[in-house]
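I have placed the structure first, in the form of structure tokens, so that the comments after it can refer back to it.
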Amino acid sequence: MAKKKNRTRTILIIIGIAVILLVILGLVGRRLSGPNATRVEIVTVETRTVTQTVTASGRVQPEVEIIISPDVSGEIVQLPVVEGQQVHRGELLARIKSDFYEAQVEQAEAQLSQAKANLSQQEANLLLQEQTLDRQRQLYEAEVIPLDQYEQSDTQYKVAQANVDAARFNVESAQARLRESQEQLRKTALYAPMSGTVSQLDIELGERVTGNELQAGTTVMKVARLDQMELEVEVSENDVVNVALGDTASIEVDAYPNRIFKGVVTEIANSARLQGSTFQEQVTNFPVKVRILDPHNAEARAMGMADAGLAGETPATEDYPSFRPGMSGTVDIFTNTVQEVLSIPIQAVTVRDFNAIKRARSRSDVAEADSTAGDEEEEKPDIVAGGEEDLQRMVFVVDEAMSVIATIVETGISDDQFIEIKSGLEEGNRVVNGPYSAVSRELDDGDLVEERGAGRSL
837 MAKKKNRTRT
847 ILIIIGIAVI
857 LLVILGLVGR
867 RLSGPNATRV
877 EIVTVETRTV
887 TQTVTASGRV
897 QPEVEIIISP
907 DVSGEIVQLP
917 VVEGQQVHRG
927 ELLARIKSDF
937 YEAQVEQAEA
947 QLSQAKANLS
957 QQEANLLLQE
967 QTLDRQRQLY
977 EAEVIPLDQY
987 EQSDTQYKVA
997 QANVDAARFN
1007 VESAQARLRE
1017 SQEQLRKTAL
1027 YAPMSGTVSQ
1037 LDIELGERVT
1047 GNELQAGTTV
1057 MKVARLDQME
1067 LEVEVSENDV
1077 VNVALGDTAS
1087 IEVDAYPNRI
1097 FKGVVTEIAN
1107 SARLQGSTFQ
1117 EQVTNFPVKV
1127 RILDPHNAEA
1137 RAMGMADAGL
1147 AGETPATEDY
1157 PSFRPGMSGT
1167 VDIFTNTVQE
1177 VLSIPIQAVT
1187 VRDFNAIKRA
1197 RSRSDVAEAD
1207 STAGDEEEEK
1217 PDIVAGGEED
1227 LQRMVFVVDE
1237 AMSVIATIVE
1247 TGISDDQFIE
1257 IKSGLEEGNR
1267 VVNGPYSAVS
1277 RELDDGDLVE
1287 ERGAGRSL
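Residue 1204 in the working numbering sits at position 368 of the sequence shown; the count goes up by one each step and never skips.
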């Protein structure tokens, strides 16, 4: 029985010693890691080239695309092309049934002939009235006939002269109607206005179409230059002010995920496109067109070279990407570049209330003075009085003692990773890069930090 009690007492003593050791180790660990040290990532300020980019998404489209719609109405009786077919300038695209317009031409020709016959009749009558007037003038001068008879002949001559003028006008009007009818007849045949590709075909053989006489006619098809493609992207109002004509760009088309194409900005819209039904929901974007500079659509390019009279060997079709209207893509527009400037990762810069940070630092200094004061006469730091919010761009610089210094910086342009530092830092300074919660909210001036992992330079 005594042995059992001694064994129990021994176990309790061992457990007590273990607990004491654990407490001591915990205290030592906290002492080694420093009071209230925050684990952070630290980077070094370096010089590098920073290129500002504007990223936007849009659709591939031809630079030149013509909508073909008829000027006359009728039934499509001939349609010799299909969608995707290449056509040359002046080639027949479609023909509208022309019976009605041929009848109009014949009717106009008949009206013209009638007007000309009437003109000849009136001219003959004018000649007769002129001869009669000459005889009446001679008789009147010989005092054979009275004055009123002579004046009556003069009036009849003037009437005949006016009838001739009216007949001439009728002939001109009939000629105009004939030209109009002939033009309407010619418009029953639709020809390609340029060499290109039938990018869209909206009708079928036998379908009726509406002309452009009183309103917008039926869209028959579209002919486009597929060797000159571009992307039209939507750029936000905040970014469009940084974009200029001639800016270079890199283009990614979803259909070619592993390829990057070169581009250049060719057009920037002057007016915005508003999306959203209410003012609060409205999104303001500006269309920007970016030309694709890399050769593409080999067959269309070969046709364009042939039409321009340029000879040359065309690469194999598989060497050229085949862009189709409507493909989606993303554009990175390079708007500005600065060479060899101080820069740090974007996430290292935050916007904080600098007055609040100074107040927190003052309270920390007062607390430290209280804990180390030897007597009541020792001077204590003053706490910064509260004031208005002073929002500043700042970083937290890490000194040799592993405490941070809240430092106001002036920034410039930025790319996807880095931001230019114009003032406030020097090359080689070490700054806190993360975590985000520490940089944006938790850290205050003078706080101790502990580097998480090995230090690194970006």
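Cβ coordinates follow ideal geometry from the N, Cα and C atoms, glycine included.
It should be emphasised that the depicted structure is a prediction, and the values quoted were computed from it without experimental measurement.
Buried versus exposed call for residue i [16 or more other C-beta atoms within 10 Å across all chains shown]
| i | result |
| --- | --- |
| T889 | buried |
| Q1020 | buried |
| I1249 | buried |
| S1031 | buried |
| T1099 | In the sequence under discussion, the amino acid at residue 1099 is Gly, which differs from the Thr named in the question. G1099 should be labelled buried. |
| T1171 | buried |
| V1079 | buried |
| G910 | buried |
| D1083 | buried |
| T1033 | buried |
| E979 | exposed |
| D1283 | buried |
| A1290 | Residue placement at A1290 is flagged as unreliable, the pLDDT there being 49, under the threshold of 50; the coordinate-derived value follows with that caveat. Exposed: under 16 other Cβ atoms inside 10 Å. |
| D1281 | buried |
| I849 | exposed |
| L969 | buried |
| R867 | With a pLDDT of only 44 at R867, under 50, the local geometry of the prediction cannot be trusted, and no value is derived from it. |
| E977 | exposed |
| R1277 | exposed |
| G1264 | exposed |
Residue i versus the options, residue with shortest Cα-Cα distance
| i | options | result |
| --- | --- | --- |
| H1132 | S1009, V896, T883 | V896 |
| E1088 | I1104, K1058, P1157 | P1157 |
| M1163 | P898, E877, T883 | P898 |
| E1224 | K1194, Y1272, A1012 | K1194 |
| Q1175 | I847, T883, I849 | T883 |
| E919 | P1161, I1096, D1252, V1076 | P1161 |
| E1008 | N954, Y986, S989, P1271 | N954 |
| V1275 | R1013, D1189, V1077 | D1189 |
| T1054 | T1166, R1015, D907 | D907 |
| L1014 | N999, S956, A944 | A944 |
| E1262 | M1238, L1279, V1234 | V1234 |
| P1271 | Q1183, A1237, T1243 | Q1183 |
| V1124 | A1138, A1091, R1137, I1169 | I1169 |
| L1110 | V1101, T1102, T1120 | T1120 |
| Q921 | A1136, V1045, Q1253 | A1136 |
Expected contact under 8 Å - CB spacing of residue i and residue j to nearest Å
| i | j | result |
| --- | --- | --- |
| A892 | V1071 | 5 Å |
| T874 | E1286 | 7 Å |
| V812 | S1179 | Residue 812 falls outside the range modelled here, since the chain spans only 837 to 1294, and no answer is possible. |
| A996 | Q958 | 7 Å |
| L1279 | V1240 | 6 Å |
| G1165 | G894 | 7 Å |
Under 8 Å between C-beta atoms of residue i and residue j
| i | j | result |
| --- | --- | --- |
| I904 | K1023 | no |
| R931 | Q914 | yes |
| P951 | A1003 | The sequence as given places Ala at residue 951; Pro does not occur at that position. Closer than 8 Å, so yes. |
| E877 | N1269 | yes |
| L1067 | S1035 | no |
| V1187 | V1231 | no |
| I1096 | F1122 | no |
| N961 | N1006 | no |
| Q992 | L948 | no |
| Y937 | S989 | no |
| I912 | L1041 | yes |
| V1167 | V1076 | no |
Short CB-CB distance (under 8 Å) between residue i and chain C
| i | result |
| --- | --- |
| P1161 | Among the protein chains of the structure shown there is no chain C, as only one such chain exists. |
Next on the checklist: Quick check for students: name the residue ranges of the alpha helix (DSSP H) that lie wholly in the region 1051 to 1133, counting only runs of 4 or more.
Outcome noted: If we require 4 residues or more, the alpha helix (DSSP H) runs fully inside the region 1051 to 1133 come out as 1073 to 1076.
Checklist entry - Can you give, in chain order, each stretch of the beta strand (DSSP E) that sits fully within the region 1217 to 1255 and has at least 3 residues? => result The region 1217 to 1255 contains these whole beta strand (DSSP E) runs: 1227 to 1234, 1240 to 1244, 1246 to 1250.
Next on the checklist: My parser needs the alpha helix (DSSP H) runs of 4 or more residues fully inside the region 928 to 1009; what are they?
Outcome noted: Entirely contained in the region 928 to 1009, the alpha helix (DSSP H) runs reaching 4 residues are, in chain order, 935 to 977.
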